[in-house]
Amino acid sequence: MEAKTRGCVLHPLVFLKETTMTIQCGLQSESFKLKEGVPDSFDRVMTGNDPLFAQKTIRLTTGRRDWAAFQVLLQVNEPYTLSVGRRPAFSPYGALPNYRLAFEMDDMDGLTYSMNPIGMVEDDDGIHKADILLNDEVIHVMDRLKRSVWCELRIPEEVSPGLYKGNVHIFEQTMFEDERKVASLTVELEVINVVVPEPSEYSFQLELWQHGSNIARKHEVALWSDEHFAVLENYVASLGQLGQKSVTVIASEIPWSGQGCFRITNYYSDLFEYSMIGVEKSKSGIFTYDFNPMERYIQLCAKYGITGVIDLFGLSGIWQYQPEGYGKLADDYPDGIRVRYLDRNDSCYKYMRSAAEIKEYIAALHNYFGTTGRLNEVRIMTDEPSDPEAYRAVRELFAVVAPGFQFKTCYGHMEPILEAPEQARNSVVSAGCLFKHLDDFKELKVDNPMWYVACDIAYPNTFINSHLLESRLIPHLTAFMGFDGFLRWNYTVWPDNPRERIRYKYPFFSAGDTNFVYPGNDGRPLLTLRYMNLRRGIQEFELTAQVKDRCNDAEERLAELWSKIIKAEKLQGLYSPGDSFSTWFSDEHEDYEAVRKALLEMLVNA
94 MEAKTRGCVL HPLVFLKETT MTIQCGLQSE SFKLKEGVPD SFDRVMTGND PLFAQKTIRL
154 TTGRRDWAAF QVLLQVNEPY TLSVGRRPAF SPYGALPNYR LAFEMDDMDG LTYSMNPIGM
214 VEDDDGIHKA DILLNDEVIH VMDRLKRSVW CELRIPEEVS PGLYKGNVHI FEQTMFEDER
274 KVASLTVELE VINVVVPEPS EYSFQLELWQ HGSNIARKHE VALWSDEHFA VLENYVASLG
334 QLGQKSVTVI ASEIPWSGQG CFRITNYYSD LFEYSMIGVE KSKSGIFTYD FNPMERYIQL
394 CAKYGITGVI DLFGLSGIWQ YQPEGYGKLA DDYPDGIRVR YLDRNDSCYK YMRSAAEIKE
454 YIAALHNYFG TTGRLNEVRI MTDEPSDPEA YRAVRELFAV VAPGFQFKTC YGHMEPILEA
514 PEQARNSVVS AGCLFKHLDD FKELKVDNPM WYVACDIAYP NTFINSHLLE SRLIPHLTAF
574 MGFDGFLRWN YTVWPDNPRE RIRYKYPFFS AGDTNFVYPG NDGRPLLTLR YMNLRRGIQE
634 FELTAQVKDR CNDAEERLAE LWSKIIKAEK LQGLYSPGDS FSTWFSDEHE DYEAVRKALL
694 EMLVNA
């Protein structure tokens, strides 16, 4: 729920209700994650001295054209409705009290804000944890448990630097009563005289893979239809707000074979991804190709600043599950590529089953991107190839059939790169092997070095069980290593009913491994606390890049800053037995805020 601040003089006060305490409230940082169901936590007990509610004033530091965020934490000793909007709140459960939140800051023209109740999801350990930023204006809270609300302030570029004060006011009302204010919390906002870059200006090479077929399924629209693209635009816009740099194109059928979803019998979920390219075979035996859905998607991404890299999936490193029938279709082709076409002779759909047909298809793709002037942007994406000989054969084949295509490969192990350094160009390495071989990898002088985390890495990661600061750390760690970007496979790989149950394929996938956002009922993605903390870290990567460009003593000063959040000068030895995230990295929000403020101040004085 978004609103503009309105001016009126209100004075901060806390717990105006006397005698019996009915509500307790406090402020928390953007990296706070509420948990419920923790053993011996007494979630429903209101003691009046719970430290989670102790903070009544929060101080935030921002630049100009920036955003600031915090959380409001509430607990009420009876069922109620929680409102962050202006609509009336009546309940089918009867005459429940309504608690409405509103933010006001009188002395900053152009400031806007939004509030989102934060939904809980069940983690693999059975504990419910805050994750989803809900778009609901009103939610029901029936269980006397704590609830948190995400509050985001958007600071205009024209604002003068200085200290500003605002308040979150909480109003109570039941049925047709007049509202009364029951609490106020104070927000202090320090604006530093630095214009923060827009996501379209970012240099951070963010590659979050897009899974359009799953988006179509969850929003119940026909694949690659106008309705599908209307929904896709909302997701692409959310990626643009992160500074996403790559376009995901699925160029054959089910390149990941649905992540082996047919093997998971305790939670049946459709994870198959389908091609964006239509293929037909004429009655005379000529293949024709419909690149329009692919082109439309590429142009949609460009509308939101996502340009420069087009990742083609489904042409190399096809995931195969032979026992279940997901193997190769063309015996004379080295990989398991699956190209479906409509045969006009009998109006039946079929699959290409010869190397000659597949080569013709690849050549047609190559010709299309050459004709449209995008050949240099295309990368043949290979996700952790399991058969080195087949992978080598595919590369040799492409060198003849489609010589203008470049390969980009995700490696879960370092050995293939060290054994064949010529394959290192455009390679992306998993954290598990990278931290063991960081010096070796740097010696290869890879173009635009990037790294990724997946299901096998405990930390830093973006699971539900991960500390939110791990998402924020990832871009800092990228800068610390001298890398250009970060890749994650999981933006929308939801199981069947993700808002009810995000846990899937445990212990291979930890809860949250498959997504950064959730499908909303209105066709928009529901963002998450993990998304927001990654967004913050990416912005700080950009501030770091500006410091490198503009400050003479940047290297020394950045090393000092990084030491606040990265405890070791080198990352070799990471994942030693008994270690945790806090062994190697800071898990204190204040440390990251200190780094952020220092970066802004360095730019002011540069």
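If you count by our numbering, then the sequence shown holds residues 94 to 699, one letter each, in order. Virtual Cβ for every residue (Gly too), placed ideally from N, Cα, C.
query = Cβ of S296 within 8 Å of Cβ of H682?
reply = At a Cβ-Cβ threshold of 8 Å, S296 and H682 do not count as neighbours.
task = Consult DSSP for S124 and reduce its assignment to one of helix, strand or coil.
result = Correct three-state label for S124: coil.
request  = Specify, as a first and last residue, the run of the beta strand (DSSP E) that M213 falls within.
outcome  = M213: member of the beta strand (DSSP E) spanning T205 to E215, first to last residue.
inquiry  = Going residue by residue through the segment 492-577, where are the continuous alpha helix (DSSP H) segments of at least 4 residues, counting only ones entirely within it?
reply    = Those alpha helix (DSSP H) runs which fall completely within the segment 492-577 and span 4+ residues are 508-512, 524-527, 531-536 and 561-573.
ask   = Does the Cβ-Cβ distance between Y611 and I225 come in under 8 Å?
value = Contact flag set, yes.
task = Figure out for me which residue from D646, L127 and G219 has the closest Cα to the Cα of R594.
result = Checked all of D646, L127 and G219; the closest Cα to R594 is G219.
request  = Answer yes or no: do R617 and N307 have a C-beta to C-beta separation smaller than 8 Å?
outcome  = No, they are not a contact pair.
task = Alpha carbon to alpha carbon, how far is M387 from R317? Give it in angstroms, no decimals.
result = Going by the sequence as given, residue 317 is Trp instead of Arg. Spanning the two alpha carbons is a distance of roughly 9 Å.
query = What residues are listed by DSSP as bridge partners for L435?
reply = Per the DSSP secondary-structure output, L435 pairs in a beta bridge with E373 and Y442.
request  = Determine the closest residue to L282 out of T341, A162 and M474, with distance taken between C-alpha atoms.
outcome  = Checking every option, the nearest Cα to that of L282 belongs to A162.
inquiry  = Let me check understanding here. Comparing Cα to Cα, which of G353, T475, N359 and C441 lies closest to P416?
reply    = Of G353, T475, N359 and C441, the residue nearest in Cα terms is G353.
DSSP bridge partner residues for D476 (one or two, in chain order) = Beta bridge pairing from DSSP links D476 with C503.
The segment 676-695 touching the segment 554-564, judged by at least three CB pairs closer than 8 Å = Touching, yes, given that three or more Cβ pairs across the two stretches are closer than 8 Å.
request  = Going by CA-CA distance only, name the one from D363, Y360 and I347 that's closest to I370.
outcome  = Closest option to I370, Cα to Cα, is I347.
First through last residue of the alpha helix (DSSP H) which encompasses Q655 = First, the residue type needs correcting, since residue 655 is Trp and not Gln in the sequence shown. Note, W655: alpha helix (DSSP H), A647 to W655.
query = alpha helix (DSSP H) containing K311: first to last residue?
reply = Per DSSP, the unbroken alpha helix (DSSP H) holding K311 starts and ends at G305 to H312.
request  = Label K426 either buried or exposed according to how many other C-beta atoms from any shown protein chain fall within 10 Å of its C-beta, with 16 as the threshold for buried.
outcome  = According to the sequence as given, residue 426 is Tyr; it is not Lys. With 16 or more other Cβ atoms within 10 Å, it is buried.
query = Expressed to the nearest angstrom, what Euclidean distance is found between the alpha-carbon atoms of E373 and C441?
reply = Roughly 10 Å separates the two Cα atoms.
inquiry  = Between A423, I455, I430 and L435, which has its C-alpha nearest R446's C-alpha?
reply    = Distances from the CA of R446 to each of A423, I455, I430 and L435 were compared; the closest alpha carbon is that of A423.
query = From what residue to what residue does the beta strand (DSSP E) around F196 run?
reply = Run containing F196: P190 to E197, per the beta strand (DSSP E) assignment.
inquiry  = In whole angstroms, give me the CA-to-CA distance for E111 and A276.
reply    = In this prediction, E111 has a pLDDT of 37, which is less than 50 and means its spatial position is unreliable; what the coordinates show is noted afterwards. Pairing E111 with A276, the inter-Cα distance amounts to about 12 Å.
ask   = When the Cβ atoms of the segment 255-265 are set against those of the segment 192-203, are three or more pairs found closer than 8 Å?
value = The segment 255-265 makes contact with the segment 192-203, as at least three CB pairs between them are under 8 Å.
ask   = Q392 lies in the alpha helix (DSSP H); which residues open and close that run?
value = Annotation: the continuous alpha helix (DSSP H) that includes Q392 extends over N385 to K396.
key: Proximity to V586 [Cα-Cα], best of H304, L153 and T205   = V586 has its Cα closest to that of H304, out of H304, L153 and T205.
Segment contact flag, the segment 328-336 with the segment 401-409, C-beta cutoff 8 Å, min 3 pairs = With a cut-off of 8 Å, the segment 401-409 and the segment 328-336 do not count as touching, because too few Cβ pairs lie within range.
task = Could you check what DSSP says for R356 in three-state terms: helix, strand or coil?
result = Here R356 sits in helix by DSSP.
task = Determine the burial state of H104: buried for a count of at least 16 other Cβ atoms within 10 Å of its Cβ, exposed for fewer.
result = Any reading at H104 is ruled out, since the residue's pLDDT is 34, under 50, leaving its predicted position unreliable.
message = Give me, in chain order, the residues of the same chain whose beta-carbon lies closer than 6 Å to that of G100; leave out the 5 immediate sequence neighbours on both sides.
response = Unreliable positioning characterises G100 in this predicted model, as indicated by a pLDDT of 37, which lies under 50. The coordinate reading is nonetheless provided below. The residues are D199.
inquiry  = Would the segment 246-258 count as touching the segment 635-646 if we require 3 or more Cβ pairs under 8 Å?
reply    = No: the two stretches stay apart, fewer than three of their Cβ pairs being nearer than 8 Å.
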